[in-house]
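Just so we're aligned, residue 5 is where the sequence shown starts under the numbering used here, counting upward by one.
We put the CB at the ideal spot given by N, CA and C, even for glycine.
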Amino acid sequence: MAIPAPARTRAELLRREIAEHNRRYYVLDEPGISDAEYDSMFRELAELERQYPALCTPDSPTRRVGGEPLEGFETVQHAAPMLSLNNAFEDEEIRAFDKRLRDTLDVDSLEYEAEPKFDGLAISLSYRSGALLRGATRGDGSTGENVTQNLRTLRSIPLSLPPEASRHDMEVRGEVLMYRRDFERLNTHQRAAGEKEFVNPRNAAAGSLRQLDPRVTARRPLRFIAYGVGTADTTRFSTHASILDWLAQIGFPVARDRSIVTGCDGMLAFFRNMAERRERLPYAIDGVVYKVNRLDWQRALGFVSRAPRFAIAHKFPAEQALTEVLAIDVQVGRTGALTPVARLKPVFVGGVTVTNATLHNEDEMRRKDIRVGDTVVVRRAGDVIPEVVAARLEFRPAGALAFALPGTCPACGSAVLRNEDEAVARCSGGLVCPAQRKQALLHFAGRRAMDIDGLGERIVDQLVESGLVRTPADLYSLRLEQIAVLERMAKKSAAKLLVALERSRSTTLERFVFALGIRNVGESTARDLARHFGSLDRLIEADEAVLESVRDVGPVVARSIRQFLDEPHNRTVVQALRLADVRWEERAPAPVLAGDTSKSFVLTGALPNLTREQARAMIEAKGHRVAGSVSKKTDYVVAGEEAGDKLERARALGVPVIDEESLRNLLEEN
Ligand code: IVH
Numbered sequence: 005m006a007i008p009a010p011a012r013t014r015a016e017l018l019r020r021e022i023a024e025h026n027r028r029y030y031v032l033d034e035p036g037i038s039d040a041e042y043d044s045m046f047r048e049l050a051e052l053e054r055q056y057p058a059l060c061t062p063d064s065p066t067r068r069v070g071g072e073p074l075e076g077f078e079t080v081q082h083a084a085p086m087l088s089l090n091n092a093f094e095d096e097e098i099r100a101f102d103k104r105l106r107d108t109l110d111v112d113s114l115e116y117e118a119e120p121k122f123d124g125l126a127i128s129l130s131y132r133s134g135a136l137l138r139g140a141t142r143g144d145g146s147t148g149e150n151v152t153q154n155l156r157t158l159r160s161i162p163l164s165l166p167p168e169a170s171r172h173d174m175e176v177r178g179e180v181l182m183y184r185r186d187f188e189r190l191n192t193h194q195r196a197a198g199e200k201e202f203v204n205p206r207n208a209a210a211g212s213l214r215q216l217d218p219r220v221t222a223r224r225p226l227r228f229i230a231y232g233v234g235t236a237d238t239t240r241f242s243t244h245a246s247i248l249d250w251l252a253q254i255g256f257p258v259a260r261d262r263s264i265v266t267g268c269d270g271m272l273a274f275f276r277n278m279a280e281r282r283e284r285l286p287y288a289i290d291g292v293v294y295k296v297n298r299l300d301w302q303r304a305l306g307f308v309s310r311a312p313r314f315a316i317a318h319k320f321p322a323e324q325a326l327t328e329v330l331a332i333d334v335q336v337g338r339t340g341a342l343t344p345v346a347r348l349k350p351v352f353v354g355g356v357t358v359t360n361a362t363l364h365n366e367d368e369m370r371r372k373d374i375r376v377g378d379t380v381v382v383r384r385a386g387d388v389i390p391e392v393v394a395a396r397l398e399f400r401p402a403g404a405l406a407f408a409l410p411g412t413c414p415a416c417g418s419a420v421l422r423n424e425d426e427a428v429a430r431c432s433g434g435l436v437c438p439a440q441r442k443q444a445l446l447h448f449a450g451r452r453a454m455d456i457d458g459l460g461e462r463i464v465d466q467l468v469e470s471g472l473v474r475t476p477a478d479l480y481s482l483r484l485e486q487i488a489v490l491e492r493m494a495k496k497s498a499a500k501l502l503v504a505l506e507r508s509r510s511t512t513l514e515r516f517v518f519a520l521g522i523r524n525v526g527e528s529t530a531r532d533l534a535r536h537f538g539s540l541d542r543l544i545e546a547d548e549a550v551l552e553s554v555r556d557v558g559p560v561v562a563r564s565i566r567q568f569l570d571e572p573h574n575r576t577v578v579q580a581l582r583l584a585d586v587r588w589e590e591r592a593p594a595p596v597l598a599g600d601t602s603k604s605f606v607l608t609g610a611l612p613n614l615t616r617e618q619a620r621a622m623i624e625a626k627g628h629r630v631a632g633s634v635s636k637k638t639d640y641v642v643a644g645e646e647a648g649d650k651l652e653r654a655r656a657l658g659v660p661v662i663d664e665e666s667l668r669n670l671l672e673e674n
């Protein structure tokens, strides 16, 4: 349909006007018209675009209402990594920061741009030829999630840039947040609608931005504030402050509360001023950020690992409050770990109302000696989990009893056990405990365990929640009509699942042993156990000493096998599985080889040139073994970068630790 010239002109005018009013409202903080006038322009434009769909350009403000829901977010690679900032809490650290930088640059005094540290979510916006192309979350710094559809709904984000900013591609960085008064209003609304309230503006912003349906995001009052650029043509700028001024000029909201300060005294004065004004600011902040203002000096200072050397975040101290411990409960996690949790008289601290705080584990409890009825100090900083710092003994009621973990699991009644070398106490009813049920079933069904194709998280959730399945043995009595009624389960996939279950009945002893999910028994230990004993009954009968005679089984592994098999609840499930016709070929026990010269290796961390699989293949090709955990019987631990507990354990046990190169040499010799 041909578009009449007046309609085209009118639409262009409305689009420009609306963009300009967005700028006045969000960038200049000086609304030019009333909300009603704004809405009426918006409706007029929407009506024109409805009549003449060709008028609807990608940068039309009517496109901000949100498109179609997504299945999930795709991941995107950031053109330049999104870094983090080093933190400081004390004045002394700021003094040291200033001195370090002056020494490096060999100057007497430095100018810094000081800004609020917004308590929201880091976002990167990419523009190509002046048009918003993509918006992404920070993610791990290198890759984030593509949330363009959602970011387009924020009126404070320009969909197109003026011509002077359109010649080069650029990436603008900043924070998405919710103003506090908008947050209060949203919660009032949520409450009235019977929906879940948000704990603080940051969580509300995060929850709103990670919606798969952009129409939901469009209704949430999110804002964007820019604090810098990722990639951009900044050759004509010599300071960070002038980049921020320019960002404001081309339509991005930037912090009003920023200033150029000199030296440590300047930074600390800014900090005190912001701390004093913090409660009156429209948005939540958790500190301030200082950045060396001159860009050439920023470049000269560069980066250390994941943070710039030229900037630092000066954080406000964690807030503390006093409250009372009403009860101490014990939670059982997905892996059976028992965690004591203090139920607290609700107290407002660090921007949220705190009602619970973890007491971590038994040792921590004993060290802090927190008791029911105690008055305690609760601390919370930024987005960190609230913690109980200490009990105020002067307020302890007479007769308050020290807390001890129960001997049996509060979820299933199985024995609670704690090994000397571990801080965590665990429920031993791995196969029966409702708290561990989903995890146990997923592990049982896993590809390297019973390999039940199609039994993923979604189905397991439903099977458990509907009460159809309580233990792995229950899987084998499922009927087609029970599976077919599950959500999003077509009859065909239900039938497929039954076939997969049927097929899994015929397995091997090593898969079965691995599938039980015995703590410390990984695939390779399961293989060694199966080979050594050849039959399940012989394994069940083996005491710790016999278990320890198995290759790579040390006292820790032997004990956890015994603990698992000694729990009657687990034995019942194992028996039920055999009655359900889960079967394997039993063999004679493996003869003990004399003069076995093969060595046992444990791999940990990332090796420079080999994947885990390649390293394992190289070792096994020479007739050696790769075990999953370190014991006294381990001959070598091969450690790469970011090696963790296994490396520590190797050192503790005096097991030789080698790198990739030594591994190659060793294999060549043997
Ligand atoms: S600059 C190269 N400025 O703090 C450093 N970050 O730890 C890039 N943040 O998640 C960050 N306010 O989103 C910078 N005025 C500000 C900030 C700020 C908040 C966040 C940022 C990032 C974290 C860095």
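Checklist entry - residue 711 and residue 447 look like a contact to me (Cβ under 8 Å); what is the Cβ gap, rounded to whole Å? => result The first residue shown for the chain is 5 and the last is 674, placing residue 711 beyond what the model contains.
Checklist entry - Using DSSP with H/G/I as helix, E/B as strand and the rest coil, what is residue 465? => result The three-state secondary structure of residue 465, taken from DSSP, is helix.
Checklist entry - By DSSP, does residue 30 sit in helix, in strand, or in coil? => result Of the three classes helix, strand and coil, the one that applies to residue 30 here is helix, per DSSP.
Next on the checklist: For a minimum of 3 consecutive residues, which ranges assigned as the beta strand (DSSP E) are wholly contained in the segment 196–235?
Outcome noted: For the segment 196–235, whole beta strand (DSSP E) runs of length 3 or above, ordered along the chain, are 226–233.
Checklist entry - CB of residue 122 to nearest heavy atom of the ligand IVH: below 7 Å? => result At least one heavy atom of the ligand IVH is nearer than 7 Å to the Cβ of residue 122, so yes.
Checklist entry - If you compare alpha carbons, which of 583, 564, 557 is closest to residue 633? => result When only C-alpha atoms are compared, the closest one is 557.
Checklist entry - In the structure shown, what three-state DSSP assignment does residue 182 receive? => result If DSSP states are grouped into helix, strand and coil, residue 182 belongs with the strands.
Next on the checklist: By DSSP's criteria, residue 384 is part of a beta bridge. Which residues make up the other side?
Outcome noted: According to DSSP, residue 384 bridges with 323.
Checklist entry - Tell me which same chain residues have a C-beta within less than 7 Å of the C-beta of residue 369, skipping the five on either side of it? => result Contacts found: 344, 363, 407.
Item to check | residue 290 (DSSP reduced to helix, strand or coil) | outcome: Shown here, residue 290 sits in a strand according to DSSP, grouped into three states.
Next on the checklist: Taking the straight line between their C-alpha atoms, what separation do you get for residue 430 and residue 467?
Outcome noted: Distance between the alpha carbons of residue 430 and residue 467 is about 25 Å.
Item to check | Straight-line gap, residue 461 to residue 441 (C-alpha atoms, nearest Å) | outcome: Between residue 461 and residue 441, the alpha-carbon positions lie close to 12 Å from each other.
Item to check | Within-8 Å CB hit, residue 298 to chain C | outcome: Checking the listed chains, one finds no chain C in this structure; it contains a single protein chain.
Checklist entry - Could you give the distance in angstroms between the alpha-carbon of residue 254 and the alpha-carbon of residue 356? => result Taking the straight line joining both Cα atoms gives about 36 Å.
Item to check | Distance CB(residue 494)-CB(residue 484) smaller than 8 Å | outcome: Contact: no.
Checklist entry - Looking only at C-alpha atoms, which of 95, 156, 86 sits nearest to residue 62? => result Out of 95, 156, 86, 156 has the C-alpha closest to the C-alpha of residue 62.
Item to check | Assigned secondary structure, residue 139 (DSSP; H/G/I helix, E/B strand, else coil) | outcome: In this structure, residue 139 counts as strand in the three-state DSSP scheme.
Checklist entry - For residue 365, which residues does DSSP report across the bridge? => result For residue 365, which the question treats as bridged, DSSP gives no partner whatsoever.
Next on the checklist: Here's the rule: buried if 16 or more other CB atoms are within 10 angstroms of the residue's CB, otherwise exposed. What is residue 658?
Outcome noted: Counting the other CB atoms within 10 Å of its CB gives residue 658 a total below 16, which places it among the exposed residues.
Checklist entry - Can you tell me where the beta strand (DSSP E) with residue 608 in it begins and where it stops? => result 604–608 is the extent of the beta strand (DSSP E) around residue 608.
Item to check | Close beta carbons around residue 243, own chain, < 7 Å, minus the five adjacent residues each side | outcome: Its chain contains 297, 298, 299 as the residues whose beta carbon lies nearer than 7 Å to that of residue 243, once the 5 sequence neighbours on both sides are disregarded; these appear in chain order.
Next on the checklist: Using CA atoms only, rank isn't needed, just tell me which of 158, 231, 524, 123 is closest to residue 184.
Outcome noted: In this structure, 123 is the residue among 158, 231, 524, 123 with its C-alpha nearest to the C-alpha of residue 184.
Item to check | Within 8 Å, strictly: CB atoms of residue 574 and residue 435 | outcome: For residue 574 and residue 435, yes; Cβs fall inside 8 Å.
Checklist entry - Are the segment 166–184 and the segment 131–139 in contact at 8 Å, needing three or more beta carbon pairs? => result With contact defined as three or more Cβ pairs closer than 8 Å, the segment 166–184 and the segment 131–139 are in contact.
Item to check | Inter-residue spacing [alpha-carbon to alpha-carbon] between residue 127 and residue 164 | outcome: Taking the Cα positions, residue 127 is about 17 Å away from residue 164.
Checklist entry - Quick check: the segment 630–645 against the segment 551–570, are there 3 or more CB pairs under 8 Å? => result Touching, yes, given that three or more Cβ pairs across the two stretches are closer than 8 Å.
Checklist entry - For residue 458 versus residue 500, is the C-beta spacing smaller than 8 Å? => result With contacts defined as CB atoms closer than 8 Å, residue 458 and residue 500 qualify as a contacting pair.
Checklist entry - Given that a residue counts as buried once 16 or more other Cβ atoms are within 10 Å of its Cβ, and exposed if not, what is residue 119? => result When all chains shown are included, residue 119 counts as buried.
Checklist entry - Looking at residue 464 and the ligand IVH, is the gap between the Cβ and the nearest heavy atom below 7 Å? => result No; taking the cut-off as 7 Å, the Cβ of residue 464 has no heavy atom of the ligand IVH nearer than that.
Checklist entry - Between residue 293 and the ligand IVH, is the CB less than 7 Å from at least one heavy atom? => result For residue 293, the distance from the CB to the nearest heavy atom of the ligand IVH is below 7 Å.
Checklist entry - With 16 as the cutoff for other CB atoms within 10 Å, does residue 670 come out buried or exposed? => result Burial call: buried.
Item to check | Residue closest to residue 375, alpha-carbon to alpha-carbon, out of 35, 445, 402 | outcome: Answer by Cα proximity: 402.
Checklist entry - Is it right to say residue 308 is buried, meaning 16 or more other beta carbons lie within 10 angstroms of its own, or is it exposed? => result When all chains shown are included, residue 308 counts as exposed.
Checklist entry - Does DSSP classify residue 640 as helix, strand or coil? => result Strand.
Checklist entry - What is the DSSP secondary structure of residue 675, counted as helix, strand or coil? => result Shown here, the chain extends from 5 to 674; a query on residue 675 therefore has no answer.
Item to check | Collapsed DSSP secondary structure at residue 333 in the structure displayed | outcome: Strand at residue 333.
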